[in-house]
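Input: a single structure, listed below in structure tokens.
In structure tokens form, the structure reads like this:
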């Protein structure tokens with residue numbers, strides 16, 4: 002079922018958001034025709050506008066929910082500071098290590114912010130997200146091996162810088178894949194996720210252009226980055242900025258054969274590509290294969306861990322369903338009989354047989370839904386009076402049996418406790434009703450087996466029921 006986007010307190014007036022979008026689109030078009038100096042001005046205006054929108058999102062969404070926007074604001078601040086130092090629109094001088102580290106830190110924070118959004122929103126779809134990220138990282142690594150690294154042979158930048166760009170592209174591919182998975186399974190907030198996907202897509206395109214064409218491609222790369230900054234601003238200004246980082250729907254997580262094939266291709270793609278002579282001659286190819294291989298292996302191990310966790314959870318649920326009544330949570334007849342036999346053979350115990358009076362008539366008058374609610378309430382009340390080693394079972398439609406590890410002389414006290422708690426009025430289907438329950442108790446002292454003990458408690462319950470005055474059964478209080 003699709004989720005509806007609820008109204009929230011994070012909304013920015015639509016006129017402001019529309020004006021920002023129109024001005025940003027106009028600036029992106031103007032960028033294409035103005036001089037290099039004005040291009041730098043437009044670029045920095047877009048970058049700082051995105052930073053201001055991120056700051057506004059930080060103020061609107063408190064921590065810890067707003068952590069992605071804190072990281073986003075810090076990333077934009079570092080990136081903008083690094084770009085301000087450089088001369089925009091002309092061939093840049095060689096970048097100093099501190100400046101390169103500042104820009105790298107900004108990129109890392111940007112990726113961290115995006116991944117927090119992805120894994121918070123997709124916390125109910127971690128398996129699907131990991132599969133898409135694995136495949137996307139494999140595609141990104143293959144692109145870097147076969148296209149980007151060979152195109153950088155004549156690039157004047159250092160090998161470390163080229164490797165950093167390649168790894169950054171691989172990680173951006175992973176984020177894009179995860180966002181596409183979220184966007185297709187969102188159910189709600191698809192527009193906000195689409196805007197974030199556009200932002201990361203523009204950033205990926207800009208990095209690819211720079212990596213392939215080098216400094217001479219600054220014009221096209223900066224235009225892509227302007228698009229990324231604009232989309233980031235629109236994402237931070239969106240009305241669903243607070244809810245987008247809350248868990249979304251839980252889509253189908255069945256690891257089908259096609260998905261297994263895609264995972265296998267992602268694992269094999271880079272080693273196979275690295276074996277091609279034209280690719281392996283590049284000095285950075287081995288390092289990139291190692292980095293991507295370790296990343297993919299870690300993601301695959303996480304996916305296997307999730308599958309193992311899901312299997313353990315399913316086994317626990319199956320065991321619970323095999324031993325418990327699905328409606329009330331009490332032990333079913335088979336499980337109760339097994340546990341009762343073990344208890345009787347190990348020491349003294351007291352058995353209380355409880356039967357709701359005239360329960361069929363109540364169901365006929367009020368419906369089975371109300372009857373089910375009565376059964377659940379009865380079970381909860383019985384369980385509230387149990388001690389550590391005691392247990393309760395539902396062995397028939399309206400029949401409950403309680404086994405308490407008590408000496409024989411405690412049987413009357415157990416019966417009194419149960420009759421007291423079960424006689425309290427309850428509200429069912431908007432009506433206050435009184436439920437009467439007949440209780441019969443027996444101790445293991447006078448029974449040779451669990452079956453004999455159960456039969457004795459059953460007889461005493463019916464004896465008490467037949468001797469009760471009036472018309473017992475659920476009735477208005």
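In this note's numbering, the protein residues as written are 2 to 478.
We treat Cβ as the ideally placed atom computed from N, Cα and C, and that holds for glycine.
On a predicted model such as this, the values are computed, not experimentally measured, just so you know.
In the structure shown, the three-state DSSP call for residue 433 is strand.
Annotation note: the segment 2-79 contains the following uninterrupted alpha helix (DSSP H) runs of length 4 or greater, listed N- to C-terminal: 15-32, 37-61.
Annotation for residue 139: the continuous alpha helix (DSSP H) segment containing it runs 127-144.
In this structure, the beta-carbon distance from residue 401 to residue 355 falls below 7 Å.
In this structure, residue 135 and residue 300 form a Cβ contact; the two beta carbons are roughly 5 Å apart against a cut-off of 8 Å. Rounded to the nearest whole angstrom, the CA to CA distance from residue 80 to residue 234 is 15 Å. For residue 339, the closest of 427, 263, 394 by C-alpha to C-alpha distance is 394. Beta-bridge pairing by DSSP links residue 428 to 433. Residue state for residue 331 is assigned as coil, using DSSP reduced to three classes. The C-beta distance from residue 137 to residue 178 rounds to 3 Å, short enough to meet the 8 Å contact threshold. Taking each of 141, 160, 68 in turn and checking the Cα distance to residue 116, the smallest one comes out for 68. If you check the CB distance, residue 341 and residue 412 do not come in under 7 Å.
In the DSSP annotation of this structure, residue 348 is not part of any alpha helix (DSSP H), being labelled neither H nor E. Under the three-state reduction of DSSP, residue 286 is assigned to helix. Under the three-state reduction of DSSP output, residue 276 falls in the coil class, being neither helix nor strand. Residue pairing by DSSP places residue 220 in no beta bridge whatsoever.
Assignment of residue 171 by DSSP, reduced to helix, strand and coil, places it in the helix class. Taken through DSSP and simplified to helix, strand or coil, residue 406 comes out as coil.
For residue 362, the three-state secondary structure derived from DSSP is helix.
Contact annotation: residue 320 and residue 396 have beta-carbon atoms that are not nearer than 7 Å. The beta carbon of residue 183 lies closer than 6 Å to those of 122, 123, 194 in the same chain, with the five residues before and after it left out. The three-state reading of DSSP puts residue 154 in coil, since its state is none of H, G, I, E or B.
Annotation for residue 443: the continuous beta strand (DSSP E) segment containing it runs 438-444. Residue state for residue 399 is assigned as coil, using DSSP reduced to three classes. Residue nearest to residue 166 within the set 198, 207, 203, 181 is 207 (criterion: CA-CA distance). Here residue 356 is bridged, per DSSP, to 400, 439. With fewer than 16 other beta carbons inside 10 angstroms of its own, residue 19 counts as exposed. Counting along the chain, the unbroken alpha helix (DSSP H) around residue 379 starts and ends at 369-385.
The Cβ atoms of residue 76 and residue 110 sit closer than 7 Å to each other. Burial state of residue 85 is exposed, judged by a 10 Å Cβ sphere holding fewer than 16 other Cβ atoms.
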